[in-house]
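Read through the structure below, which is laid out as structure tokens, and then see the notes.
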Amino acid sequence: MFKCPKCGSENLEKRGYDTQNKQKYHCRDCGCYPTEGAKRNRDKEDIKPKDDVLIRVLSTGLFSIEELSNKTGIVPKEVRRIIQDLEDRKYNINYVEDKIELAKDIKPGNTQKLNIEYWKGDRIKVGFVSDTHLCSKFERLAELNLIYDVFTDEGIELVYHGGNYIDGENKFNKYEIHTRGITPQVEYFINNYPKREGILTKFICGDDHEGWIAQRERLNVGEYTQMKAIEAGRRDLEYIGYLECDIPFEGIEGKSWLRVMHGGGGTAYALSYTPQKIVESLQGGEKPRILLLGHYHKIDYCFPREVHVIQMGCFQDQTTWLRKKKIQCHIGGGILRMNLAKDGTINRIMPEFITFFNKKFYVGNDKYWIK
């Protein structure tokens, strides 16, 4: 049954046809006049009429509270309340001095200090995964669970995820996903992503896949995922930033730190070419000691300009689109062991890659190489 695209109500009455011979309706609940085939603005939640008016105005530019009140006819006090409510619901509200907008782009980057006690001592070990693309028909959820079993056996307490944790929805992949919509994909991620006692997974967002949601819906999808995870009791999933996050060593910022980053652009034929160009493009003083790099679906280690660059692999088989682009997928993740000197520098490093073959390799074979 057709539902109102504004409020989701089924309380509709027919009102003839438009010029394209599509059925017109009148919604008795919110008063709008939708046409059959119109899509809802958001599948996340119902949007109230006043909220919808304010969202439309905020999406067109920067306005003060008074300007918003004049444009919408909503009193300033109510405008402030609605904006606060939109922020609480994780809309991407952006403040520029005394003006407000509903931004399309999310401010990139973040800096997060871990507990200094965690970094003390000689040896540190963390797990790393990336590009799990849950909700894709090509996801490798079984292997993702297997690598978390390895993390448990190895005593890993912290895992970094390099972005593209869900597959999102766009014209490129709409026939290659098994779950559609913002909330259904986020809930699938929360319900199916591996959960292991004593392991915390910290994840970033890419500007593609889950980033498509951010750009299309003006939703801070990382914070929205974090909110839904907490509601579901998944406190082992922690969002740490859009595109990248820096983790300083021993609290010495600017001297030695690890960066988790979701790259951009296509994959070069030479595995090390793109990481080299990323490092070479960094301004003076901006180089991390270690770069955990997602996006390219590759497993690799290189050391350009004295930066340890680790491409973190993926947990998605080659899709039709990737095959067309001649992009091979390296399935797997790994463990990073580091030695931290007293001055905060990393003086020894050992990445261990845990890899899997494509899914068809295991068909008819009951003996996985890892249990």
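Heads up: take any position in the sequence shown, counting from 1, add 20, and you land on my numbering. Note that beta-carbon positions come from the ideal geometry of N, C-alpha and C, so glycine has one too. Note that the structure is predicted; figures quoted are calculated from it, not measured.
What is the DSSP secondary structure of residue i, counted as helix, strand or coil?
i    : result
V149 : strand
R62  : Per-residue confidence for R62 stands at a pLDDT of 47, beneath the threshold of 50, marking its modelled position as unreliable; the derived number appears in the next sentence. Coil, per DSSP.
R357 : strand
K362 : coil
E372 : strand
E56  : coil
N31  : coil
S89  : helix
Q43  : strand
L312 : strand
F83  : strand
L342 : helix
V95  : coil
L291 : coil
N367 : strand
K119 : strand
Considering only their Cβ atoms, is the gap separating residue j from residue i smaller than 8 Å?
i    : j    : result
P54  : P25  : yes
E159 : F335 : yes
H317 : H350 : yes
Y185 : L161 : no
G283 : I298 : yes
Y262 : V206 : no
L312 : M332 : yes
I113 : I176 : no
T365 : R309 : yes
E174 : I355 : yes
V280 : Y180 : yes
K157 : I197 : yes
Tell me which same chain residues have a C-beta within less than 8 Å of the C-beta of residue i, skipping the five on either side of it?
i   : result
Y45 : F22, C24, L32, E33, K34, R35, Y53, P54, T55, E56
F83 : V77, K91, K119, I120, E121
I94 : K70, V73, L74, L88, I102
E86 : P96
Excluding sequence positions up to five away, which residues of its chain have a Cβ less than 7 Å from the Cβ of residue i?
i    : result
P214 : L164, N165, Y168
V116 : L82
K124 : Q235, R238
D66  : Residue placement at D66 is poorly supported in this model, since its pLDDT is 48, which falls under 50; the coordinates are not used for a value here.
Skipping 5 residues on each side, what residues in its chain have a beta carbon closer than 6 Å to that of residue i?
i    : result
R368 : N359
L291 : K318, D320
Q338 : C349
Using alpha carbons as the reference points, say which of the options lies closest to residue i.
i    : options                : result
G182 : P308, S150, I319, I351 : S150
G188 : F223, A234, V170       : A234
R101 : V241, L74, F148, Q43   : L74
R48  : N130, P324, S29, Q40   : S29
N130 : A361, I224, A249       : I224
T221 : K127, A249, D38        : A249
L302 : H198, R325, D38        : R325
Spell out the partners DSSP gives residue i in its beta bridges.
i    : result
D320 : Q331
W277 : P268
G36  : Answer is none; G36 lacks a bridge partner.
Could you check if residue i belongs to the surroundings of the ligand HEM, using beta carbon to heavy atom distance under 7 Å?
i    : result
G183 : Annotation note on the ligand HEM: not contained in the displayed structure, which lists no ligands.
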